[in-house]
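Report on the following structure.
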Amino acid sequence: MKKWLKTLIGITVTIIFLATGIFSYSYLMLQSNLPEYEGEESVAGLETGVEVFRDNHAIPYIYANSRFDAAFSTGYLHAQERMFQMDVMRRAGAGRLSEIFGTKTVNFDKMFRTLQIGAVAEKAVASLEDDTKKMLEAYANGINEYLRLHPDKLGVEFDVLDYAQEEWTIEHSLIISKLLAWELNISWWVDVSFSNLLQKLGESKLRDILPDFPENAPTIIPGNVKSFSKIKTDFIQLDKDFREFIGFTGTHIGSNNWVAGSTRSESGKPVIANDPHLSFQVPGKWYFVSVNSPEWNVTGFTLPGVPFVIIGKNNSISWVVTNVMADDADFYAETLDDNKLKYQLDNNWEKLSIVNDTIQVKDSQPVEMIIRKTHRGPIISNIHNYSFSDEEGTYKRANLSMRWTALEFHNDVNSIYKINKSSNWKEFKSALSKYSAPGQNFVFADSSNIGYVCAAKLPKRYSNSPTFVYDGKYSSSDWNGFVKFSEMPKFYNPKKGYIASANNKAVKNFNYHISNLWEPASRINRIRELLDSKEKHSVKDFKDYQNDFYSDYAKEITKYILKAFKNINIKDENLNRALEQISRWNFVMEKENQAPAIYEVFFNQLLRNIFLDEMGEKLFNDYVFIANVPYRTVQKLLAEKYSSWFDNVSTEDYETRDEIIRKSMVDALAYLEKNVSPEIAEWQWGRIHKVKFKHLFSGENALIDDIINVGPFEIGGSGTTIFNTEYSLSKPYQNKLGPSMRYIFDFAEKDIIEMILPTGQSGHFLSEHYSDMTNDWLNGKYYKVNTNENFVKNSDYKKLVLIAE
Numbered sequence: 011m012k013k014w015l016k017t018l019i020g021i022t023v024t025i026i027f028l029a030t031g032i033f034s035y036s037y038l039m040l041q042s043n044l045p046e047y048e049g050e051e052s053v054a055g056l057e058t059g060v061e062v063f064r065d066n067h068a069i070p071y072i073y074a075n076s077r078f079d080a081a082f083s084t085g086y087l088h089a090q091e092r093m094f095q096m097d098v099m100r101r102a103g104a105g106r107l108s109e110i111f112g113t114k115t116v117n118f119d120k121m122f123r124t125l126q127i128g129a130v131a132e133k134a135v136a137s138l139e140d141d142t143k144k145m146l147e148a149y150a151n152g153i154n155e156y157l158r159l160h161p162d163k164l165g166v167e168f169d170v171l172d173y174a175q176e177e178w179t180i181e182h183s184l185i186i187s188k189l190l191a192w193e194l195n196i197s198w199w200v201d202v203s204f205s206n207l208l209q210k211l212g213e214s215k216l217r218d219i220l221p222d223f224p225e226n227a228p229t230i231i232p233g234n235v236k237s238f239s240k241i242k243t244d245f246i247q248l249d250k251d252f253r254e255f256i257g258f259t260g261t262h263i264g265s266n267n268w269v270a271g272s273t274r275s276e277s278g279k280p281v282i283a284n285d286p287h288l289s290f291q292v293p294g295k296w297y298f299v300s301v302n303s304p305e306w307n308v309t310g311f312t313l314p315g316v317p318f319v320i321i322g323k324n325n326s327i328s329w330v331v332t333n334v335m336a337d338d339a340d341f342y343a344e345t346l347d348d349n350k351l352k353y354q355l356d357n358n359w360e361k362l363s364i365v366n367d368t369i370q371v372k373d374s375q376p377v378e379m380i381i382r383k384t385h386r387g388p389i390i391s392n393i394h395n396y397s398f399s400d401e402e403g404t405y406k407r408a409n410l411s412m413r414w415t416a417l418e419f420h421n422d423v424n425s426i427y428k429i430n431k432s433s434n435w436k437e438f439k440s441a442l443s444k445y446s447a448p449g450q451n452f453v454f455a456d457s458s459n460i461g462y463v464c465a466a467k468l469p470k471r472y473s474n475s476p477t478f479v480y481d482g483k484y485s486s487s488d489w490n491g492f493v494k495f496s497e498m499p500k501f502y503n504p505k506k507g508y509i510a511s512a513n514n515k516a517v518k519n520f521n522y523h524i525s526n527l528w529e530p531a532s533r534i535n536r537i538r539e540l541l542d543s544k545e546k547h548s549v550k551d552f553k554d555y556q557n558d559f560y561s562d563y564a565k566e567i568t569k570y571i572l573k574a575f576k577n578i579n580i581k582d583e584n585l586n587r588a589l590e591q592i593s594r595w596n597f598v599m600e601k602e603n604q605a606p607a608i609y610e611v612f613f614n615q616l617l618r619n620i621f622l623d624e625m626g627e628k629l630f631n632d633y634v635f636i637a638n639v640p641y642r643t644v645q646k647l648l649a650e651k652y653s654s655w656f657d658n659v660s661t662e663d664y665e666t667r668d669e670i671i672r673k674s675m676v677d678a679l680a681y682l683e684k685n686v687s688p689e690i691a692e693w694q695w696g697r698i699h700k701v702k703f704k705h706l707f708s709g710e711n712a713l714i715d716d717i718i719n720v721g722p723f724e725i726g727g728s729g730t731t732i733f734n735t736e737y738s739l740s741k742p743y744q745n746k747l748g749p750s751m752r753y754i755f756d757f758a759e760k761d762i763i764e765m766i767l768p769t770g771q772s773g774h775f776l777s778e779h780y781s782d783m784t785n786d787w788l789n790g791k792y793y794k795v796n797t798n799e800n801f802v803k804n805s806d807y808k809k810l811v812l813i814a815e
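Numbering (my numbering), first residue to last: 11 to 815.
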């Protein structure tokens with residue numbers, strides 16, 4: 011062997027050994043960051059000792075001698091598994107992301123500093139009931155004790171970003187609850203977006219595409235909006251960017267919940283179910299826990315950063331939630347003086363509240379900002395770096411203030427804690443009497459009864475259909491108080507024997523405006539169809555229902571497709587075969603089937619062919635951002651047949667509905683032939699519709715992405731199926747949002763809960779519990795949680811004992 015070859019081999023072998031050694035050392039170092047599930051730890055802050063058992067999926071069963079020790083232990087466990095997630099969320103809500111991420115998050119910090127969520131949380135502490143406050147203090151003490159004892163076991167993310175952890179406070183828990191309200195709040199989008207569209211398109215064009223759900227009166231389009239200064243959508247774009255950064259993608263922010271009463275269940279006891287639809291990320295939104303103490307016994311899903319169970323059960327009741335879609339935010343075009351010190355109101359000049367603030371920025375200079383507020387709320391139109399000209403030339407922008415109930419009421423954490431301790435319907439209702447945001451449809455059950463409460467703080471307005479920016483010059487634009495809790499929709503033990511909600515209008519007749527952002531009826535129609543399909547239902551039935559991929563919406567739209575091609579001479583073989591596929595389709599969005607892919611790509615092409623020529627790319631993307639709006643609008647337009655929106659303004663001919671449908675199908679086939687395969691046999695829906703659970707650091711490095719992300723996986727469904735697998739209508743077809751957990755509980759088996767998470771309990775990417783539930787979640791399987799104390803303590807679960815110092 012030649013000398014140079016020997017040298018090359020030697021160098022190569024050396025490099026391999028060094029690389030292997032470095033990798034092994036790094037892996038062991040990262041493994042040492044993982045939390046301990048077994049043993050004994052002496053901790054300060056406990057009244058007495060606590061036992062924590064963890065099952066095969068790292069679900070903890072806490073046994074404590076007081077509720078405060080139980081809250082302490084919950085904080086300790088949250089810090090063990092989700093500290094980085096919790097820290098990012100509290101920083102986001104407080105406008106402090108730039109301290110660790112640098113200049114790229116400055117505008118996000120400006121947004122939340124302007125909303126003043128951090129300041130609101132500080133004020134909210136004073137409104138906490140004494141017991142709630144003590145529980146939050148105990149919870150914070152548990153987090154801080156873990157930080158003190160295990161500063162090296164918080165997660166590798168802290169090392170990557172190179173910053174020290176801060177103590178947890180009560181305010182941080184309140185910030186996180188407000189941030190959840192912000193994530194679920196989409197009502198603000200309508201006012202700004204539709205006012206912008208009105209100014210650009212005019213009333214006659216806009217009226218056809220309003221999400222019209224008249225409740226007590228038709229939607230009124232105010233003429234003065236056109237006279238306002240330009241209403242720009244920069245605020246919408248900024249919030250889109252924030253949601254993309256933080257992982258709040260997807261806008262079918264809803265859920266399904268239902269309950270079958272004793273007469274409608276096979277077991278003879280109520281059976282209740284829930285699967286909240288939230289953005290997909292890893293770690294996931296929820297952390298499941300079972301808490302056992304003399305004064306606080308509760309099992310279910312917690313939000314890391316808050317100790318109380320948001321969805322779950324105690325020894326007497328169970329409760330589940332869906333988004334009300336409440337319109338609890340409004341915008342006002344304010345008239346400011348030249349110095350921006352005052353604003354006009356009823357022919358008077360009122361002083362603005364002005365706060366100077368500073369954002370600390372990693373590796374850069376601090377950013378100074380000024381926050382201006384009217385009596386309604388903060389002026390949000392100077393958050394983004396506006397440009398002062400657009401395609402129409404120089405313009406003067408409108409100064410928009412925002413009023414949102416979540417910035418005014420602070421009883422939500424109190425309410426959730428009271429629910430945790432409720433033992434009957436009366437106590438449950440009382441717990442919700444002061445709940446405000448995010449507005450939720452609470453469905454209730456105990457061993458014999460079922461009930462429903464619409465819990466939200468609904469503003470009373472002089473205009474009953476508030477879809478546009480108000481004129482801030484007049485106090486008549488202000489809210490006129492709030493709907494009393496006694497007047498909010500409720501029902502108890504309805505005759506039909508079940509209750510269901512899926513972000514739909516829950517009651518036909520109601521004296522006040524709730525929303526015009528209801529989801530399309532596809533999911534609730536299917537849920538009711540299934541619940542009406544048989545007299546009695548089982549846990550197994552509920553599992554099947556939660557994993558149902560049938561689309562009532564697709565069934566309706568497909569009728570128009572087939573009608574548009576009736577008696578048309580078709581020469582293209584793939585087009586003939588595609589039409590044959592959807593004509594024989596059962597409207598189940600299976601990932602293995604070609605028909606869903608043909609239909610969904612057609613639908614996206616239809617959206618573009620209807621709206622893009624008149625809106626342009628930016629307006630179009632703004633319009634389809636909240637997906638339920640275009641879904642409902644398309645239904646409305648197709649039923650009308652002759653809407654001017656079908657005509658392509660860039661052509662000389664006048665296009666009809668059926669011509670646009672046929673063009674959209676041809677465009678869909680061209681897309682599939684180019685991006686999937688020339689062969690229709692290879693157009694399975696799952697090939698283009700996939701789900702990936704992304705870490706916050708995703709996208710920084712392809713090799714690292716393979717470690718920190720989970721997926722991608724082919725998946726069925728759509729935004730109109732009970733198993734919601736929404737994708738962005740402006741960037742199809744990656745699944746962005748869906749069931750953030752599944753929960754089923756039958757009161758006939760009081761110790762058994764059927765549940766599943768999309769990923770796992772742990773936020774540590776090297777943990778075996780980072781994604782150990784994913785395959786079961788994808789395949790419609792569940793994990794059976796047994797909360798019986800004897801069962802838990804006699805199982806081979808890992809046991810951690812926290813000893814009071």
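Each residue gets a CB set at the ideal place from its N, CA and C atoms; glycine is no exception.
Rounded to the nearest whole angstrom, the CA to CA distance from residue 640 to residue 270 is 32 Å. Non-local beta-carbon contacts of residue 354 in its own chain, meaning distances under 7 Å to residues more than five positions away in sequence, involve 345, 483 in chain order.
By alpha-carbon distance to residue 459, the top candidate from 160, 435, 450 is 435. In the DSSP annotation of this structure, the continuous segment of the alpha helix (DSSP H) that includes residue 153 starts and ends at 140-159. Taken through DSSP and simplified to helix, strand or coil, residue 273 comes out as helix. Residue 547 is bridged by DSSP to 275. Here DSSP, grouped into helix, strand and coil, assigns residue 643 to helix. Taken in chain order, the complete beta strand (DSSP E) segments of 3 residues or longer contained in the segment 742-787 are 745-749, 752-756, 762-766.
Of all alpha-carbon atoms in 784, 66, 776, 760, the one lying nearest the alpha-carbon of residue 749 is that of 784. Excluding five sequence positions before and after residue 653, the CB atoms of its chain that fall closer than 8 Å to its own CB belong to 218, 647, 667, given in chain order. DSSP, reduced to helix, strand and coil, places residue 287 within a strand of the structure shown. Residue 183 is positioned such that its CB atom lies closer than 9 Å to that of residue 149. In the DSSP assignment, residue 325 falls outside any alpha helix (DSSP H), carrying neither H nor E. Distance from residue 720 to residue 292 at the Cβ level is roughly 5 Å; contact confirmed, criterion being Cβ atoms closer than 8 Å. For the options 248, 66, 515, 406, the alpha carbon positioned closest to that of residue 535 is the one of 515. Taking all protein chains in view, the Cβ of residue 755 is crowded by 16 or more other Cβ atoms within 10 Å, so the residue is classified as buried. Assigned with DSSP and collapsed to three states, residue 379 falls in strand.
Between the alpha carbons of residue 706 and residue 538 lies a distance of about 38 Å.
Contact between residue 197 and residue 54 is absent: CB atoms are separated by about 45 Å, not below the 8 Å threshold. If you check the CB distance, residue 390 and residue 319 do not come in under 9 Å.
DSSP places residue 175 in the coil class of the three-state scheme, outside both helix and strand. Scanning the segment 651-712 for uninterrupted beta strand (DSSP E) segments of 3 residues or longer gives 700-703, listed from N- to C-terminal end. The beta carbons of residue 608 and residue 637 sit about 20 Å from each other, so the pair does not count as a contact at 8 Å.
Distance from the Cα of residue 56 is smallest, within the candidate group 493, 788, 75, for 75.
In the structure shown, the three-state DSSP call for residue 452 is strand.
Judged by DSSP in its simplified three-state form, residue 202 adopts helix. Secondary structure of residue 340 (DSSP, three-state): strand. With respect to residue 560, residue 541 sits apart: the two C-beta atoms are not nearer than 9 Å. Comparing C-alpha distances from residue 629 to each of 714, 100, 209 shows the shortest one belongs to 209. If you compare the alpha carbons of 565, 615, 613 with that of residue 593, the shortest gap goes to 565. Taking the C-beta atoms as reference points, residue 341 is found no nearer than 9 Å to residue 549.
Here the segment 251-267 lies against the segment 728-739, with 3 or more beta-carbon pairs under 8 Å apart.
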